[in-house]
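Counting in my numbering, the sequence shown runs from 1 upward without gaps.
Ideal Cβ positions, reconstructed from N, Cα and C, are used throughout, including at glycine.
Please read these numbers as outputs of a predicted model, since none were measured by experiment.
Accompanying notes for the structure given below.
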Amino acid sequence: MGVIRFETPHPEQLPPSAAEVAYFVGRDEIPSRCRLERRNSELRLTRHETESGNLIVPWTVPHYGQVALQTGTLIERDRPYLLNLELARGTINRIRQHAAQWSGAGMVLPDDFQTTLRDAIGLLAKSATRQEDRISSTEFADLALTESIRAEALLAQAYAVQSAQARRLQTPRTAPLLGVRLDERVPEGLSADSLADACNSFSIPLSWRSIELERGQRNWAKSDALLGWAQAHGAKICAGPLVSLRADSLPLWIVNGDTDFDGLLDAMSEHIRAVVERYRGRVHLWHSAEGVNSGDALPLAEDQRLRLAVRALEAVRASDPRGATIVSFGQPWGESLRSQSLQLAPIHFADALSRGDLGMAGIGLEIELGLGADQTLPRGPLEFCRQIDRWSVLNLPLVLLLAVPSEGTYPPKGQAAWLEEFLPVLLGKQFVQAIYWSRLRDPSHAQPGANAALSYGLIDKWEQPKPALGVFARLKRQLVA
């Protein structure tokens, strides 16, 4: 049993849910099962392993909000670590690694970035040499962290500009898809005009529950109307997910246990066959399965989840041999492994499918930012770059399915500011072939539980476009058109 202790004079910098969502990674960067306990100004990390590694924890950074930060490499020792110092050290080290890697690949590092990073390193040195005075060391560590995050933003901005130029030179005729996943209502009025201006593609939801509410009885009215609207606007069509393991997507006759696992596979295959045969030739990309590694609608073992994903791919391919098909994975950083006894990280799950010669044309990464147990922790742009590079090793195009809240403590300036900073960086990655915003509308007042925590949509509860949708449109014209 391994134990690592931390001290922080300002425990309020840890969000209330930090102990539930923080985790530890080793050299393989795969989260391991652990328990983090808060005791006033001390944190106690308990885990089964004893190897060195890094703590990843959400942290409140002045002027930047809540963001998941990673310490430097830690070993077990008797005295506690000063958490503020270790987070600053880890952040600065990772920025330096990115800068060295990109500079070696030919990127020109801007002067303001290098000046800001030098300032951060100087502040880190002052913190490291004052550890006997915890208060003073923490103050310098916090300043170093703020400067390092500012340096990260400058480096990411420079990367976005230079990588976009390089991408246009390398693939001048291939523009990535930029779009929104529609819900079950056809857009109307100002919202419809705004969406048409902001997107060159739409993801059409084909909820199994909505189409086949009663077994064997299919209703195509909603999906026909949505696909017709998207086609009328000249957009590329991504259809699906055809099957989702999210709690609100499977038919109730499946969720209620009216069939065993083999019966589930047979019913799923029949549903996919019906959908693909109806819309074949009108769809550019089939999203065959969603949340297969993390969805909680059914208590499936990992081998059953793999079999389900395989069968979904095979069913699409049987009905549309030339159609491009993806499978998407939740929490691509693997946060779910921190508390579940799972064997496969999301990337290993995807790797197993990619090796099966199943006709998988790409991989979807489901990224809903938040501090909930089933969400992806908010991170900086360089960490997004690193994770995309990691998934790119599978040598398949990536489709990002994003959702960022417009209210709350992260990000402090809302979706529009997040899009301004992150979207150019993400589109600069060569393997990113499509980006879809996965939540179209906020819940209305009439919907149970409607509150700010659910405000991930690009259209608000009064059916008005949010500022983020305007940013979406402008960036599409600049970066995609």
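Residue of ARG317, PRO465 and ARG181 minimising C-alpha distance to ARG273 | ARG317
Residue of LEU83, GLN331, ARG181 and ALA297 minimising C-alpha distance to ARG441 | For ARG441, the closest alpha carbon among the candidates LEU83, GLN331, ARG181 and ALA297 is that of ARG181.
Whose CA, out of ARG33, SER137 and ALA18, lies closest to the CA of VAL25?
-> ARG33
Can you have a look at PRO16 and say buried or exposed, based on whether 16 or more other CB atoms are within 10 angstroms of its CB?
-> exposed
Do VAL21 and GLU335 come within 8 Å of each other at the CB atom, strictly closer than that value?
-> yes
Buried or exposed: where does GLN387 fall if 16 or more other Cβ atoms within 10 Å of its Cβ makes it buried?
-> buried
Contacts around TYR324, its chain only, beta-carbon distance under 8 Å, and the 5 residues preceding and following it disregarded | The identity of residue 324 in the sequence shown is Ala, whereas the question assumes Tyr. Residues of the same chain with a CB within less than 8 Å of the CB of ALA324, apart from the 5 flanking positions on each side, are HIS284, LEU285, TRP286, ALA361 and GLY362 in chain order.
If VAL67 sits next to GLY380, beta carbons under 8 Å apart, how far is it from one beta carbon to the other, in whole angstroms?
-> 6 Å
May I ask you to report which of helix, strand or coil DSSP gives VAL108?
-> coil
Do you know whose CA, among GLY370, ASP460, TYR23 and VAL275, lies nearest ARG209's CA?
-> Out of GLY370, ASP460, TYR23 and VAL275, VAL275 has the C-alpha closest to the C-alpha of ARG209.
Expressed to the nearest angstrom, what Euclidean distance is found between the alpha-carbon atoms of VAL432 and LEU398?
-> 5 Å
Taking just the CA atoms, how far does PRO443 sit from ILE204?
-> Spanning the alpha carbons of ILE204 and PRO443 requires a straight line of approximately 19 Å.
Have a look at PRO80, GLN217 and PRO424 and flag the residue whose alpha-carbon is nearest the alpha-carbon of GLN157.
-> Closest by alpha carbon: PRO424.
With burial defined as no fewer than 16 other Cβ atoms inside 10 Å of the residue's Cβ, what is the status of GLY104: buried or exposed?
-> exposed
Element boundaries [alpha helix (DSSP H), containing TRP208] = 208 to 211
What does VAL25 pair with, by DSSP beta-bridge criteria?
-> In DSSP, VAL25 forms a bridge with PRO31 and ASN54.
Residues near ASP320 by beta carbon distance below 6 Å, same chain, minus five either side | Counting only Cβ-Cβ distances below 6 Å, and skipping sequence neighbours, we find VAL276 and ARG280.
Endpoints, alpha helix (DSSP H) assigned at ALA6 | The sequence as given places Phe at residue 6; Ala does not occur at that position. Segment 2 to 7 is the beta strand (DSSP E) holding PHE6; no alpha helix (DSSP H) there.
Identity of the residue in ALA473, LEU369, GLU314 and LEU419 nearest PRO332 by Cα | Closest by alpha carbon: LEU369.
Would you tell me roughly how many angstroms separate the C-alpha atoms of ILE355 and VAL108, rounded to the nearest one?
-> It should be pointed out that residue 355 corresponds to Arg in this sequence rather than to Ile. Approximately 37 Å, taken between the alpha carbons.
Counted within 10 angstroms of its Cβ, other Cβ atoms place PHE140 as buried (16 or more) or exposed | Within a 10 Å sphere around the beta-carbon of PHE140 sit 16 or more other beta-carbons, which makes this residue buried.
Check whether the Cβ atoms of GLY179 and SER244 sit closer than 8 Å, and answer yes or no.
-> no
Whole-angstrom distance between TYR81 and LEU55, CA atom to CA atom = Spanning the two alpha carbons is a distance of roughly 11 Å.
In whole angstroms, what separates the C-alpha of PRO412 from that of ALA315?
-> The predicted model places PRO412 with a pLDDT of 44, which falls under 50 and marks its position as unreliable; any figure quoted below should be read in that light. Rounded to whole angstroms, PRO412 to ALA315 spans 44 Å at the Cα level.
Nearest CA to the CA of SER269: which residue from LYS236, LEU308 and ASP296?
-> LEU308
Can you give the Cα-Cα distance for PRO31 and GLU188, rounded to whole angstroms?
-> 44 Å
Would you mind listing the alpha helix (DSSP H) stretches within the segment 348 to 426 that are 4+ residues and don't spill past its ends, in chain order?
-> 381 to 392
Give the straight-line distance between the Cα atoms of LEU400 and GLN430, rounded to the nearest whole angstrom.
-> 13 Å
Contacting residues, own chain, Cβ-Cβ under 7 Å from GLN13 (five flanking each side not counted) = TRP59 and THR60
Kindly give me the distance between the Cβ atoms of LEU426 and PHE384, rounded to whole angstroms, as I take these residues to be in contact under 8 Å.
-> 7 Å
Report buried or exposed for ILE482, applying the criterion of at least 16 other Cβ atoms within 10 angstroms of its Cβ.
-> The shown model of the chain, from 1 to 481, leaves out residue 482, and the question about it has no answer.
The alpha helix (DSSP H) enclosing HIS271, as first and last residue numbers = 261 to 279
Given a cut-off of 8 Å, decide if VAL327 and ALA289 are closer than it, judged by their beta-carbon atoms.
-> yes
Closest to GLY457 by CA distance: which of ASP183, LYS126, ARG282 and LEU344 is it?
-> ASP183
Short check: CB of ASP146 to CB of LEU83, under 8 Å?
-> Reading the sequence as shown, one finds Thr at residue 146 and not Asp. Cβ distance not < 8 Å, so THR146 and LEU83 don't count as in contact.
Neighbourhood of GLU463 by C-beta, 7 Å cutoff - its chain only, sequence neighbours within 5 removed | SER191
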